[in-house]
Amino acid sequence: MRSLPPKELQRFGKFLVVGAVGFIVDFGSFNVIYHFFGVREVIAQAISFSLATLSNFLWNYLWIYPEARNSNQTRKSLQFIFVSVVGLVIGVPIFSGALFVARIAVNGLGLGGLTFNIAGNAALVCRVFVLLFWNFFANRKWTYGEVPVT
């Protein structure tokens, strides 16, 4: 990351802020969908991921890549969604594997009554961390590749 030009480091910093907003959207909607609507964990995280993707696209458009506003937004949104869907394909097995391990760990600590609250959110953190890098670099290279690196 240190080898990135100052403008790109600033852009990555903005991406982290947008990612934090997406994280809140993701976690908040995941917990509402799972706890209040009783949707299975994997489905709940796919829905929450989609809501976070929408939020992230809007903030990328408005704040991170304002230089790209004059380009074809239909194409940009489809590229962004494609990168996100690939991220979802990468993220579901990461989430599922992390959930399996986290449940064992939580039960091993004698916190069985909190298994999903702790394990599900720990698994979501694992997924978000991995996809942070995928999303930034894939979108920077492909979706917003025409924006000069300065």
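If you read the sequence shown in numbering that gives the first Met the number 0, its first letter stands for residue 0, the second for the next number, and so on. Note that CB positions come from ideal geometry on N, CA and C, so glycine has one too.
Reference residue 145, options 34, 86 and 75, closest by Cα: In the sequence shown, the residue the question calls residue 145 occupies position 146. Considering only alpha carbons, the answer is 75.
Stretch-stretch touch, CB-based, cutoff 8 Å, three pairs: the segment 88 to 107 with the segment 64 to 73: no
Start-to-end residues for the alpha helix (DSSP H) that takes in residue 106: Along the sequence shown, read from residue 1 onward, the residue named residue 106 stands at position 107. Taken as a continuous stretch (DSSP letters only), the alpha helix (DSSP H) holding residue 106 covers 72 to 107.
Top-ranked residue by Cα proximity to residue 127, from 142, 18, 33 and 61: Within the sequence shown, numbered from 1, the residue matching residue 127 stands at position 128. It is 18.
Beta-carbon spacing of residue 14, residue 3 below 8 Å: Start at 1 with the first residue of the sequence shown, and residue 14 comes out as number 15. Start at 1 with the first residue of the sequence shown, and residue 3 comes out as number 4. Their beta carbons are not under 8 Å apart, which means residue 14 does not touch residue 3 by this criterion.
Cβ pair residue 91, residue 124 closer than 8 Å: Taking the first residue of the sequence shown as 1, we reach residue 91 at position 92. Taking the first residue of the sequence shown as 1, we reach residue 124 at position 125. Not in contact: residue 91 and residue 124 (Cβ atoms no closer than 8 Å).
Residue 38, enclosing alpha helix (DSSP H) - first and last residue: Your numbering for residue 38 matches position 39 in the sequence shown. For residue 38, no alpha helix (DSSP H) segment is defined, and its DSSP state is neither H nor E.
C-beta contact flag for residue 134 and residue 82 at 8 Å: For the purposes of this step, residue 134 is taken as the residue at position 135 of the sequence shown. For the purposes of this step, residue 82 is taken as the residue at position 83 of the sequence shown. For residue 134 and residue 82, yes; Cβs fall inside 8 Å.
Contact belief for residue 87 with residue 45 at Cβ below 8 Å, rounded distance in angstroms: For this step, residue 87 is matched to residue 88 along the sequence shown. For this step, residue 45 is matched to residue 46 along the sequence shown. With a Cβ gap of about 6 Å, residue 87 and residue 45 count as contacting.
Same chain, Cβ closer than 8 Å to residue 78, five either side skipped, listed in chain order: Position 79 of the sequence shown, counted from the first residue, corresponds to residue 78. Within the same chain, residue 78 has close Cβ partners 138, 141 and 142.
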